[in-house]
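Note that the sequence shown covers residues 1 to 243 in UniProt numbering.
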Amino acid sequence: FTILDRYTKIKPDEIEGYKAKNIIGKIEFCDVYFAYPSRPNVMIFQGFSIKIDAGKSTALVGKSGSGKSTIIGLIERFYDPLEGIVTIDGRDIKTYNLRSLRKHIALVSQEPTLFGGTIKENIAYGSYGDKVDESEIIEASKAANAHDFISSLKDGYDTLCGDRGVQLSGGQKQRIAIARAILKNPDVLLLDEATSALDSQSEKLVQDTLDKVMVGRTSVVVAHRLSTIQNCDLIAVLDKGSV
1 FTILDRYTKI KPDEIEGYKA KNIIGKIEFC DVYFAYPSRP NVMIFQGFSI
51 KIDAGKSTAL VGKSGSGKST IIGLIERFYD PLEGIVTIDG RDIKTYNLRS
101 LRKHIALVSQ EPTLFGGTIK ENIAYGSYGD KVDESEIIEA SKAANAHDFI
151 SSLKDGYDTL CGDRGVQLSG GQKQRIAIAR AILKNPDVLL LDEATSALDS
201 QSEKLVQDTL DKVMVGRTSV VVAHRLSTIQ NCDLIAVLDK GSV
C-alpha cells in the first residue's frame, strides 16, 4: 500500500510542455543535487555536472553506487533533481512534454520490462502507434541476435511472454528489449548493462550491432565489461557522485 499511496509530481500524460519534432541529443547536467525519495538522506549527487555530446557515445563507468544508473533515470525523467537542471538541446528537461520527449529516447536496462502480450507486440511496443510491419520486427530481431531463438519457439513471434516475461530467460528478455530499441530508431539511446545477461558469444554479436546503431547517435552506456565500452567516443569515470 505504500507504493499505491506514493505520489509523483511527474505526470507523463500531461498535455502541456514543449513537443519536440526532432532532438539533436546534446545532454547536460548542471550543478545537480539528487537523492532518491526512498533514501532522502543519502545524496547521490551534490553539485554534479557533465556534458554529453550530441551524436557521440559516452560510457559511464565506476563502482556500484557511484551514480551511473541515476544519470540514466534522470535523462528519462523517472526522477527530477532536488536542485540544478538537466537539459536536452539546451532546454530544461522539465519544460518538455514528457510523452513527446520519450518518443525520442530508447532504454535497454539490466532488467528489461516485458508485458504479458506476444513477443511481436513487445518488440513493437514503444513505437507509439506507428504502423510497424512484421518484416521490420524480424529485421530488428535478427540485428539483436533474437530471431533464431524466437523462430525455434512453437508459436514463433506470437509466443506469449507471460507477465514480466516470465516464460523467457534473462538473456532472451534482454535480446527482445534490444530489438525493441533498434526498431524504435531513437535519437537518444540509453544502455544500462544492456548485454549483462548474455553469454560471451551472444554478447559479441549483439555488441557488434549496438556499436553500429550508436554511430552518429547520442548514446549513454553503463557497463562493467570493457568489451561493451571500448568503442565509445568518451569514457567518463564516476566516483562518489563526481566525474
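Virtual Cβ for every residue (Gly too), placed ideally from N, Cα, C.
{"query": "Exposed or buried, what is L234 when buried is set at 16 or more other beta-carbons lying within 10 Å of its beta-carbon?", "result": "exposed"}
{"query": "Answer yes or no: do A59 and I182 have a C-beta to C-beta separation smaller than 7 Å?", "result": "no"}
{"query": "Taking all protein chains shown into account, do 16 or more other C-beta atoms lie within 10 angstroms of the C-beta of P81, making it buried, or fewer, making it exposed?", "result": "buried"}
{"query": "Identify whether R91 lies in helix, strand or coil by the three-state DSSP scheme.", "result": "strand"}
{"query": "What's the call for D148, buried or exposed, on a 16-neighbour Cβ count within 10 Å?", "result": "exposed"}
{"query": "Below 6 Å CB to CB, which residues in the same chain sit around G116 once its five sequence neighbours on both sides are set aside?", "result": "D163"}
{"query": "Do D211 and N231 have their C-beta atoms within less than 7 Å of each other?", "result": "yes"}
{"query": "With respect to the alpha helix (DSSP H) encompassing A179, which residues constitute its N-terminal and C-terminal limits?", "result": "G170 to K184"}
{"query": "Run the CB neighbour count on P186, radius 10 Å, all protein chains shown included, and call it buried at 16 or more, exposed below.", "result": "buried"}
{"query": "Which of the three DSSP states, helix, strand or coil, is assigned to T195?", "result": "coil"}
{"query": "If distances are taken between C-alpha atoms only, which option among Y79, L107 and C30 comes closest to residue 244?", "result": "This structure cannot speak to residue 244, because the chain is shown only from 1 to 243."}
{"query": "Out of E136, A35, S242 and V237, which one is the CA nearest neighbour of V61?", "result": "V237"}
{"query": "Taking the alpha helix (DSSP H) that V222 falls in, what are its first and last residues?", "result": "Element bounds for V222: not the alpha helix (DSSP H) but the beta strand (DSSP E), T218 to V222."}
{"query": "Could you check whether T118 and L160 sit closer than 7 Å to each other, using their CB atoms as the reference points?", "result": "yes"}
{"query": "Report yes if the CB atom of A143 is closer than 7 Å to the CB atom of T209, and no otherwise.", "result": "yes"}
{"query": "Looking at the unbroken alpha helix (DSSP H) that takes in G73, where does it start and where does it end?", "result": "K68 to I75"}
{"query": "DSSP three-state label for F1, please.", "result": "Bear in mind that a pLDDT of 41 at F1, under 50, signals an unreliable position, so the model cannot answer this."}
{"query": "Report the rounded CA-to-CA distance for I15 versus I93, giving the unit in angstroms.", "result": "15 Å"}
{"query": "Using the beta-carbon count (16 or more within 10 Å), is K131 buried or exposed?", "result": "exposed"}
{"query": "Do you know whose CA, among I10, N41, V86 and K68, lies nearest K26's CA?", "result": "V86"}
{"query": "Compute the distance between the beta-carbons of residue 244 and V213, then report whether it is under 7 Å.", "result": "Absent from the structure is residue 244, since the part of the chain shown begins at 1 and ends at 243."}
{"query": "Return the residue from the list Y157, S152 and I137 that minimises the CA-CA distance to K184.", "result": "I137"}
{"query": "Skipping 5 residues on each side, what residues in its chain have a beta carbon closer than 8 Å to that of G241?", "result": "M43, I44, F45, Q46, F48, S66 and G67"}
{"query": "Hey, would you say A177 sits closer than 7 Å to V108, going by beta carbons?", "result": "yes"}
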